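Some notes on the structure that comes next.
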Amino acid sequence: MNYKMIKGGRMKKQVLMNLVLALMISGLVFTVSCAKKQVVSEPVVAIEDTTDADAAARAAALEKQRAMEEEMLRQKALKEASLSEAARAQKAAALERFVDQNVQFDFDSSELTPMARAILKEKALWLGENSGVRIIIEGHCDERGTLEYNLALGERRAAAAQKYLIDLGIFQSRMSTISYGEERPLDPAHNAAAWAKNRRAQFVIK
Amino acid sequence: MISVLDSLLQVCNRNLMVKERQMKGRALLIFFLVLGVVLLGRAHTVLAQHVYLNINEPFLRKVPVAVPGFKSLTQGVNEDRLGKEARNILVNALDFTGYIAVLDPMSYIENLAKKGITRAEINFKNWTVIGSELLVTCGVEESNGDIQLKFRLFDPFTERLVKGKVYTGKIDDLRRMVHRFCGEISFHLTGKWGVFSSSLAFVSTVGKDKEIFISEFDGYNPRQVTRHNSISLSPAWSSDGKWLAYTSYAGGNPDIYIKNLYQIRGNLINFKGLNISPAWVPDSFSLAATLSFENDQEIYLLTGKGKIIKRLTDSWGIDVSPSFSPDGKKMAFVSKRAGTPQIYIQDLDRGTVARLTFTGGYNTSPAWSPEGDKVVYVGIANGEINIYMIGIDGTGLVQLTSKAGDNEDPSWSPDASLITFSSTREGGAGIFVMTATGGDQRRLFSMKGAQTSPVWSTGNENN
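So this is what it looks like as C-alpha cells:
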C-alpha cells in the first residue's frame, strides 16, 4: 500500500510537470503572436493636402471653440474657488473651536462630566477628519489647593481627557500630555467664575 | 556630681566642635570671616542644672532682654556707627525669635556704653529693677576695616557672666558676627542655635517667569539662583545646605534639578511625565519625589544623582509631597487614596501606612517638625486656605492661621521655633513667619512680584 502511494505521488508529479511545460510553451507562442500584431497595427500618418481658405475657416472655428472652453473653465474655477473658500473658512472655524474649547472639571476632580464627554466627542470627530494633526493636552487647576498636589491633579485631568479620546478611537501616538498645575490660569481673577474657567484640559496643536 | 562631670565633658566636646568647624570653614575658603573665639572669664563653665525654655509652649512668655548701646573701645572713627549698626542687627534678630523681647532703651538706668561693659563695671540691680532677665553688652574695636566685637551675656539676677565671645572680621562680616552671638543667646535659652545661620530659599516671580532665590534667614540680601526663564518651583535644601533640589519647566517638562550651590554642577531627574515635589532624606544624599512615568503619581526614593533606588508608595491615584521625620525613618505625604487629599505617615522600614488627618476634605503640603513630634500642613475648610498643626499621633490639632488670605507652603525653622509660609493677606503672595504656636505673624520682607514656597536650610554654623 505504501509503495502504491509513493508511486501514485510520483505519477501526479509527472502530470503536473507536463502541464506546466505545456502552459509555458503556449504562453511563449501567445507572446510572439502579440508582438507580431503590434507591428502590423502600427499607425500610418496621413498627409493632407488643403487650401489656405479652408485653413483660415478651420482656425477661426478652432479659436471660437477654444474661447468657449476657456470661458467654461473660468466659470468652473470661480465656482470651485468660492466653494473651497467656504470650506476653508469652515475648516478654520473647526480648528479654532478645537483649540479654544476647553474641557472643564469640578474642584479637586479629574472626572469627566457629561459636558466634558460631549466636548471630547466633538474633538475626536475633528481629530478623525484631521488625521495628520498631533496634539498636546494640558492639564490645569485653579489657584485653590496647593501647588504640588495641583501639579498631580492637572496631570490626571490631562490623562482623563486623553484616555477618553483613545476610547473614541484616536491613536495615543498622536497625543501627549503635560500638567501645569495652577501655574497658567486663563483668568487671573480670584472668584468662582475664574476658578471654573481655570480648571481645565486645554488642547494645543503640535 | 556625675551629671556635672557629664556637662563639663559636653562643653569640652562642643568647644572642640567649634574649633573644628572654624578650621573647616577656613580650609574651604567659603567665607572670609576669621573667627577668634576667646573665652572671657570662666563663668560659662559654671553649669547649674539648666532648664530650657519650651518654645512649643502655646502661652510662652517672652524673655525680657536688655541690650544697652554698644561701647566704642578705642574711640576709632567708625566704632560708634558700627556699634549702632551691630546693635540694630542684634535687636532685630532677637525680636525675630518670637521668644525674646528686647526691652525699650528708654527704661535703662545705666549707660554702659559710657560706664563700661564688663562684670565689675555693671550695677546689676539697675537691670533687675527694669525686669531684664538677660543683659547683652558689646564692645566694638575697629581699625582699617578690621572689626572686633566683644560680646557678653549676663544674668543680672545671679550677676553671672553666662557667655563671652570675641568675633573678628571685616565690615562685610558684621551681620554674621552678630548673628553668631544671637545663636549663643538662643542656645542659652532653648538649647538650640536658632535660625540665625540658616538661609532662606523661596520662589519669586520675575516678569512672567518664576525663579528660585536665596536670602539670609530673615529675607535680607535676596539673590536669584536660577535663571531658567521658565517656571521653577518647590525648592528643597539638603541637610548640609550644599544642594538645592527644585522643579523646573526649563526643559519643557516638569523635571527636578539638583543644583550644587558651591560648584557649577548638578543632576537632573527627567523621567516621562511629572518629576515634582523633591524632599531630601535627612543627613543623606538621597531624596524622595513624585514621578509619574508609570502612568500614576507615586513617590520614589532616588539618589542625589537622580537614580531610582525604589518606589515608596503603592496606591492608585495621587501620592505627592513627601516630608521626612528627622531620623529619616518615616515619611509624611499626601494621598488621594481615600477619595480626598489627606496626609498619611509611612513607616519606611516596615512599609506600613497610617492616615494622619481626618478633619476636613483637603489636607496637603505636610512639613515634619525638626523636633519630630508634629506636622504642619495646609487645610482647606469653609472656603479658606489655612495652616494647621497636628501631633504625629493624630492628637492636638491646631489651626495656626485664620481669616487672613490664602496661607500655604508651611516650613519649619531648624530649631522648630518658627514656621515660615506664604500668604496673600496683604494682596499678592508674600513670605510670612510665625512662632510654632501661631504667634507674631508678620511679613518677612517686601519684594517686587509674588513670593511663595519659603524653606530654611538647616544652618549649623554655631555648633
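Taken in order, these protein sequences are the chains called A and B. Note that the numbering used here has the first sequence beginning at 213, numbered continuously upward. Note that the numbering used here has the second sequence beginning at 7, numbered continuously upward. By construction, the Cβ of each residue, glycine as well, lies at the ideal position given by its N, Cα and C atoms. Keep in mind that this is a model prediction, so the values were computed, not measured.
Checklist entry - Which value, in whole angstroms, describes the spacing of the CA atoms of B/Val146 and B/Ser113? => result 23 Å
Checklist entry - Is B/Arg361 helix, strand or coil by DSSP? => result strand
Checklist entry - Comparing alpha-carbon positions, which option in B/Lys278, B/Trp199, B/Ala207 and B/Trp374 lies nearest B/Leu297? => result B/Lys278
Item to check | Every unbroken beta strand (DSSP E) within the segment 304-344 of chain A, with a cutoff of 3 residues, ordered by chain | outcome: none
Checklist entry - What residue range is occupied by the uninterrupted alpha helix (DSSP H) comprising B/Met395? => result B/Met395 -> not in any alpha helix (DSSP H); beta strand (DSSP E) instead, spanning Glu390 to Gly397.
Item to check | Contact set for B/His194: own chain, Cβ-Cβ below 7 Å, skip 5 residues either direction | outcome: Leu159, Val168 and Lys169
Next on the checklist: Which complete beta strand (DSSP E) runs does the segment 54-137 of chain B hold, if anything under 3 residues is left out?
Outcome noted: 69-72 and 106-108
Next on the checklist: Considering just the uninterrupted stretch of the beta strand (DSSP E) at B/Phe219, what are its terminal residues?
Outcome noted: Asp215 to Glu222
Checklist entry - Do B/Gly465 and B/Ser204 have their C-beta atoms within less than 8 Å of each other? => result yes
Item to check | Contact set between B/Ser298 and chain E, taken where Cβ atoms lie within less than 8 Å | outcome: Considering every chain present, this structure includes no chain E. Its protein chains are A and B.
Item to check | B/Val365 versus B/Gly455 - alpha carbon distance | outcome: Before going further, note that residue 365 of chain B is Thr rather than Val in the sequence given. C-alpha separation (whole angstroms): 34 Å.
Checklist entry - Is the segment 237-248 of chain B close to the segment 279-286 of chain B, with three or more CB pairs under 8 Å? => result yes
Checklist entry - Who are the Cβ neighbours of B/Val44 in its own chain at under 6 Å, not counting the five residues just before and after it? => result At B/Val44, the pLDDT of 43 sits below 50, so the modelled position is not reliable; the number obtained from the coordinates is stated separately. Apart from the 5 residues on each side of it in sequence, B/Val44 sits with its Cβ closer than 6 Å to the Cβ of Val172 in its chain, given in chain order.
Checklist entry - Do B/Cys188 and B/Leu308 come within 8 Å of each other at the CB atom, strictly closer than that value? => result no
Item to check | Integer Cβ distance of A/Trp338 from A/Ala370, believed to fall under 8 Å | outcome: Not really, about 18 Å apart at Cβ, beyond 8 Å.
Checklist entry - For the alpha helix (DSSP H) that B/Lys316 lies in, which residues bound it at each end? => result It is not in any alpha helix (DSSP H) - B/Lys316 instead sits in the beta strand (DSSP E) that spans Ile314 to Arg317.
Checklist entry - What whole-angstrom Cβ distance do B/Leu250 and B/Asp261 have, given they're in contact under 8 Å? => result Actually they are not in contact, since the Cβ atoms of B/Leu250 and B/Asp261 sit about 14 Å apart, beyond 8 Å.
Next on the checklist: Using 8 Å as the threshold, is the C-beta distance between B/Asn369 and B/Gln352 below it?
Outcome noted: no
Checklist entry - Counting pairs of beta carbons, one from the segment 420-439 of chain B and one from the segment 196-210 of chain B, are three or more of them closer than 8 Å? => result yes
Next on the checklist: As a quick exercise: from B/Gly257, B/Ser329 and B/Gly385, pick the residue whose alpha carbon is nearest that of B/Ala373.
Outcome noted: Distances from the alpha-carbon of B/Ala373 to those of B/Gly257, B/Ser329 and B/Gly385 put B/Ser329 closest.
Checklist entry - Comparing the CB of B/Lys214 with every heavy atom of the ligand NAP, is any distance shorter than 7 Å? => result Ligands are entirely absent from the displayed structure, and the ligand NAP is therefore not among its contents.
Item to check | Backbone secondary structure at B/Ala442 - three-state DSSP | outcome: In the structure shown, the three-state DSSP call for B/Ala442 is coil.
Checklist entry - Where DSSP assigns a beta bridge to B/Asn266, which residues make up the other side? => result B/Trp249
Checklist entry - Counting contacts by CB-CB distance shorter than 8 Å, is A/Thr358 in contact with chain B? => result yes
Checklist entry - alpha helix (DSSP H) containing B/Lys198: first to last residue? => result No alpha helix (DSSP H) holds B/Lys198; DSSP gives it neither H nor E.
Item to check | Residue of B/Asp179, B/Gly257, B/Lys198 and B/Glu116 minimising C-alpha distance to B/Ala422 | outcome: B/Lys198
Checklist entry - Between which two residues does the beta strand (DSSP E) harbouring B/Trp286 extend? => result Asn281 to Trp286
Checklist entry - I think B/Phe339 touches B/Thr358, with their Cβ atoms under 8 Å apart; what is that distance to the nearest whole Å? => result In fact, because the Cβ distance is near 14 Å, the residues do not count as touching under 8 Å.
Checklist entry - If you drop the 5 nearest sequence neighbours on each side, which residues of the same chain put their C-beta closer than 8 Å to that of B/Gly445? => result Leu66 and Gly104
Item to check | Endpoints, the beta strand (DSSP E) within which B/Asp152 is located | outcome: Asp152 to Asp161
Checklist entry - Just checking my contact of B/Val73 with B/Arg93 at CB under 8 Å: how many whole Å lie between their CB atoms? => result 6 Å
Item to check | Whole-angstrom C-beta distance between B/Leu450 and B/Gly200, which should lie under 8 Å | outcome: No, B/Gly200 and B/Leu450 are not in contact; Cβ-Cβ is about 16 Å, not under 8 Å.
Checklist entry - Is there contact here, the segment 133-145 of chain B with the segment 115-122 of chain B, by at least three beta-carbon pairs under 8 Å? => result yes
Item to check | Exposure label - B/Tyr58; buried when at least 16 CB within 10 Å | outcome: exposed
Next on the checklist: Could you check whether the Cβ of A/Tyr376 sits closer than 8 Å to any Cβ belonging to chain B?
Outcome noted: no
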